[in-house]
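**Q**
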Amino acid sequence: MKIIKRPNGTEDILPAESRDWQKLEEFLRTTAGIFGFQEIRVPTFEQTELFSRGVGETTDVVQKEMYTVTAKESVFTLRPEGTAGTIRAMLQNGLLNEALPQKVYYILSCFRHERPQAGRLREFHQFGVEMAGSALPSADAEVISLAKQILEQIGLKNIELKINSIGCPNCRKNYHEALRKYFSTSKECLCGTCQERLEKNPMRLLDCKVESCQEIAKDAPVILEYLCEECRTHFEQLKENLTALGITYVVDPKIVRGLDYYTKTVFEFVTTEIGAQGTVCGGGRYDGLIEQLGGQPTPALGFGMGLERLLLVLKNQGTELSQEKYCDIYFVPMGKEAETKAMQLTAELRKEGIFAQTDVMGRSLRAQMKYADKLHARFTAVIGENELNQKETMLKNMKTGEKISIALDEKFVEVFSGIEIADRLASEIQ
RNA sequence: GUGGGUAUAGCCCAGCUGGUUAAGGCGUCAGUUUGUGGCACUGAAGACCAUCGGUUCGAAUCCGAUUACCCACCCCA
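With positions in the first sequence counted from 1, the corresponding number in our numbering is that position plus 30.
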């Protein structure tokens with residue numbers, strides 16, 4: 031029989047890595063909590079229209095990357111990103127009628143049908159936050175500083191924050207006009223997709239990677255010069271806020287973001303550590319999205335972080351997140367009777383929250399000792415005929431090799447806890 | 001969707017111009033004299049050499065197709 035393999039672009043997270051994931055997730059939750067964000071959990075699949083309306087009909091994500099599934103008569107789409115579903119849930123459950131701002135975070139997996147490569151999977155995991163209700167630049171600064179604190183404290187090095195403003199629909203109208211005028215003079219030299227973009231969404235044209243297009247785009251008008259009064263001051267104040275918070279940034283007029291809902295502020299945290307897919311966190315303001323999804327006009331913003339990209343950077347940097355396997359005590363039974371005793375003691379210790387293990391393989395003493403060593407057991411205790419007769423065993427400290435005797439009676443759990451805590455303190459002092 | 005690369009044991013891989021019992025390391029298991037791990041040593045298990053077809057007396061090795069994976073473009077986290 032052949033082994034069935036997992037689908038292309040998916041990953042198994044094995045015990046050796048799941049410890050890192052747990053550590054990362056725990057850290058994300060507490061940091062988001064410190065900033066006043068609370069967890070929201072939403073369905074993995076949604077009505078397809080949520081994404082076409084929310085993310086944008088013209089985006090690549092909607093046009094060619096969605097997993098749309100039919101089950102019975104219903105058609106659904108596996109979420110390609112987290113924002114649309116989160117906003118939908120906030121609207122549907124009336125969260126936006128509560129005190130504003132509403133601040134939520136999520137850890138979930140997203141699905142996009144793209145060709146996999148380094149740092150890009152078809153199912154990938156995202157941590158994201160959304161903050162709804164504030165139009166002020168201080169909200170932008172708060173969200174960005176959360177992202178920054180996470181990336182910094184988790185240990186990322188050499189990350190750069192890029193910011194830009196892509197304006198509101200008002201100023202963008204003028205800008206689109208200017209872009210069309212600029213590009214139409216050399217329309218013939220543009221690549222096929224860019225000629226289409228010119229009509230539908232001329233801003234996309236700016237980050238086309240085709241060399242000839244880049245050449246033409248080089249001197250194209252810059253959005254920042256077309257911002258309306260309101261958007262301009264918003265951007266200026268955001269920069270002041272960032273400076274006040276000691277957050278360094280680079281203004282990059284080229285970052286546009288691929289999702290249509292963004293307005294005003296957009297930003298990315300970029301690294302060079304993991305190949306071509308260097309964006310570890312991306313986000314921005316989407317003041318029109320909530321209305322677009324049927325709610326009252328409400329300003330909002332957020333970001334998403336790619337968790338496997340984060341872990342990839344940490345791995346490439348050689349940053350250790352988690353410690354090794356763990357075991358407080360390993361019992362080495364010899365003989366039937368001893369096995370029962372070891373089993374009972376293990377069970378008792380576990381009830382007290384102590385990491386205890388014993389043999390379930392019927393191995394020899396020597397082999398059991400080797401196994402205990404592999405588990406990084408802190409203590410071992412052999413139980414054989416002698417021990418059972420004398421109701422006493424030697425507790426061996428695997429690090430120091432030192433042995434002390436301990437009675438095999440009803441006090442065992444209590445006595446062992448004391449020894450174990452003392453040992454832990456002693457090793458922490460060193 | 002478009003390029004390029006790779007495919008040999010659970011993992012990392014040697015095997016050059018066709019003839020080997022397909023090598024080594026990690027890991028796993030057992031042992032190194034009787035009841036105490038790490039180091040070292042010995043041994044064992046584990047591979048239809050991705051699949052299908054072709055050339056040949058003979059293919060892991062050459063050719064073709066298929067599939068899978070990797071990297072890059074595109075796009076994004």
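The C-beta atom is built at its ideal place from N, Cα and C for all residues, glycine as well.
Based on Cα-Cα distance, which residue from 131, 180 and 37 lies nearest to residue 168?
**A** Reading the first sequence from its first residue, position 138 is the one you call residue 168. Checked all of 131, 180 and 37; the closest Cα to residue 168 is 131.
**Q** At what residues does the alpha helix (DSSP H) containing residue 190 begin and finish?
**A** Numbered from 1 along the first sequence, position 160 holds the residue referred to as residue 190. Not the alpha helix (DSSP H): residue 190 falls in the beta strand (DSSP E), residues 189-195.
**Q** Of all the options 45, 268 and 219, which has the alpha carbon lying nearest to the alpha carbon of residue 245?
**A** As a working note, residue 245 is residue 215 in the first sequence. The candidate whose alpha carbon is nearest that of residue 245 is 219.
**Q** Rounded to whole angstroms, what is the Cα-Cα separation between residue 182 and residue 190?
**A** Translated into the one-based positions of the first sequence, residue 182 becomes position 152. Translated into the one-based positions of the first sequence, residue 190 becomes position 160. Roughly 11 Å separates the two Cα atoms.
**Q** Name the DSSP bridge partner or partners of residue 433?
**A** Position 403 of the first sequence, counted from the start, is the residue given in the question as residue 433. In DSSP, residue 433 forms a bridge with 426.
**Q** Find out if the Cβ-Cβ distance for the pair residue 85, residue 289 is shorter than 8 Å.
**A** Working through the first sequence from its first residue, we reach residue 85 at position 55. Working through the first sequence from its first residue, we reach residue 289 at position 259. Taking 8 Å as the Cβ cut-off, residue 85 and residue 289 qualify as a contacting pair.
**Q** When burial is assigned at 16 or more other CB atoms within 10 Å of the CB, is residue 161 buried or exposed?
**A** On the first sequence, residue 161 is found 131 positions in, with the first residue counted as 1. So residue 161 counts as buried.
**Q** If you draw a straight line from the alpha carbon of residue 32 to that of residue 316, how long is it in whole angstroms?
**A** Counting from 1 along the first sequence, the entry for residue 32 is found at position 2. Counting from 1 along the first sequence, the entry for residue 316 is found at position 286. Approximately 49 Å between the Cα atoms of the pair.
**Q** Secondary structure at residue 148, three-state DSSP: helix, strand or coil?
**A** Position 118 of the first sequence, counted from the first residue, corresponds to residue 148. Reduced to three states, the DSSP call for residue 148 is coil.
**Q** Going by DSSP, what residue range makes up the beta strand (DSSP E) through residue 408?
**A** Within the first sequence, residue 408 is the residue found at index 378, counting from 1. First-last of the beta strand (DSSP E) with residue 408: 407-413.
**Q** For residue 101, count neighbouring C-beta atoms within 10 Å of its own C-beta (all shown protein chains included) and say buried if the count is 16 or more, exposed if not.
**A** By 1-based counting over the first sequence, the position of residue 101 is 71. With fewer than 16 other Cβ atoms within 10 Å, it is exposed.
**Q** Taking buried to mean at least 16 other C-beta atoms within 10 Å of its own C-beta, is residue 170 buried or exposed?
**A** Along the first sequence, one-based indexing puts residue 170 at 140. It is buried - the Cβ of residue 170 has at least 16 other Cβ atoms within 10 Å.
**Q** Taking only runs of the beta strand (DSSP E) that begin and end inside the region 71-111, which ones reach a length of at least 3 residues, in chain order?
**A** List check, beta strand (DSSP E) in window: 75-77, 97-101 and 104-108.
**Q** Mind checking whether residue 459 and residue 408 have CB atoms under 8 Å apart?
**A** As a position in the first sequence, residue 459 is number 429, starting the count at 1. As a position in the first sequence, residue 408 is number 378, starting the count at 1. No, the pair does not count as a contact, with Cβ atoms beyond the cut-off.
**Q** Is the region 148-158 close to the region 303-321, with three or more CB pairs under 8 Å?
**A** Touching, per the Cβ criterion.
**Q** For residue 273, count neighbouring C-beta atoms within 10 Å of its own C-beta (all shown protein chains included) and say buried if the count is 16 or more, exposed if not.
**A** Residue numbering aside, residue 273 sits at position 243 when the first sequence is read from its first letter. So residue 273 ends up on the exposed side.
**Q** Could you name the residues that DSSP lists as bridge partners for residue 297?
**A** Within the first sequence, the letter at position 267 stands for residue 297. Partner(s): 193 and 313.
**Q** Closest to residue 297 by CA distance: which of 312, 178 and 284 is it?
**A** To locate residue 297, count along the first sequence from 1; it is residue 267. Out of 312, 178 and 284, 312 has the C-alpha closest to the C-alpha of residue 297.
**Q** So within the region 330-417, which uninterrupted alpha helix (DSSP H) runs reach at least 4 residues, ignoring any that extend past its ends?
**A** Those alpha helix (DSSP H) runs which fall completely within the region 330-417 and span 4+ residues are 337-347, 366-381 and 395-404.
**Q** Tell me, to the nearest whole angstrom, how far the beta carbon of residue 371 is from that of residue 413; I am working on the premise that it is less than 8 Å.
**A** Within the first sequence, residue 371 is the residue found at index 341, counting from 1. Within the first sequence, residue 413 is the residue found at index 383, counting from 1. Yes, residue 371 and residue 413 are in contact; Cβ-Cβ is about 6 Å, under 8 Å.
**Q** Assuming residue 453 and residue 427 are in contact, meaning their beta carbons sit under 8 Å apart, how far apart are those beta carbons, in whole angstroms?
**A** Position 423 of the first sequence holds residue 453. Position 397 of the first sequence holds residue 427. About 7 Å separates the two Cβ atoms, so the contact holds.
**Q** Indicate whether residue 97 and residue 116 have their beta-carbon atoms separated by less than 8 Å.
**A** Reading the first sequence from its first residue, position 67 is the one you call residue 97. Reading the first sequence from its first residue, position 86 is the one you call residue 116. No.
**Q** How is residue 174 classed by DSSP in three states: helix, strand or coil?
**A** Here residue 174 refers to the residue found at position 144 of the first sequence. Three-state result, residue 174: helix.
**Q** Specify, as a first and last residue, the run of the alpha helix (DSSP H) that residue 206 falls within.
**A** The residue labelled residue 206 in the question sits at position 176 within the first sequence. Where residue 206 is concerned, the enclosing alpha helix (DSSP H) stretches over 199-214.
**Q** In three-state DSSP terms, what is residue 264?
**A** Here residue 264 refers to the residue found at position 234 of the first sequence. Reduced to three states, the DSSP call for residue 264 is helix.
**Q** Which value, in whole angstroms, describes the spacing of the CA atoms of residue 95 and residue 113?
**A** For the purposes of this step, residue 95 is taken as residue 65 along the first sequence, with counting starting at 1. For the purposes of this step, residue 113 is taken as residue 83 along the first sequence, with counting starting at 1. Roughly 16 Å between the two C-alpha positions.
**Q** Buried or exposed, going by whether 16 or more other CB atoms sit within 10 Å of the CB of residue 44?
**A** Here residue 44 corresponds to residue number 14 of the first sequence, with the count starting at 1. It counts as exposed.
**Q** State the DSSP-derived secondary structure class of residue 217, mapped to helix, strand or coil.
**A** Reading the first sequence from its first residue, position 187 is the one you call residue 217. DSSP places residue 217 in helix when its eight states are reduced to three.
**Q** Suppose you measure from the CA of residue 329 to the CA of residue 140; what does that come to, to the nearest Å?
**A** Within the first sequence, the letter at position 299 stands for residue 329. Within the first sequence, the letter at position 110 stands for residue 140. When rounded, the distance between both Cα atoms is 24 Å.
**Q** Could you give the first and the last residue of the continuous alpha helix (DSSP H) run that contains residue 459?
**A** Residue mapping note: residue 459 aligns to position 429 of the first sequence, counting from 1. From DSSP, the alpha helix (DSSP H) with residue 459 extends over 442-459.
**Q** Mind checking whether residue 138 and residue 195 have CB atoms under 8 Å apart?
**A** Residue numbering aside, residue 138 sits at position 108 when the first sequence is read from its first letter. Residue numbering aside, residue 195 sits at position 165 when the first sequence is read from its first letter. Going by C-beta atoms, residue 138 is not nearer than 8 Å to residue 195.
**Q** Would you call the region 73-91 and the region 277-296 touching, i.e. three or more CB-CB distances under 8 Å?
**A** The region 73-91, when compared against the region 277-296, does touch it at the 8 Å Cβ threshold.
**Q** In the DSSP assignment, find the alpha helix (DSSP H) that holds residue 53 and state where it starts and stops.
**A** Translated into the one-based positions of the first sequence, residue 53 becomes position 23. Residues 45-64.
**Q** So, residue 40 versus residue 153, is the Cβ gap smaller than 8 Å?
**A** Within the first sequence, the letter at position 10 stands for residue 40. Within the first sequence, the letter at position 123 stands for residue 153. Yes. Within cutoff.
**Q** Give me the residue from 252, 243 and 177 with the minimum Cα distance to residue 202.
**A** The residue given as residue 202 occupies position 172 in the first sequence. The option with the nearest alpha carbon to residue 202 is 252.
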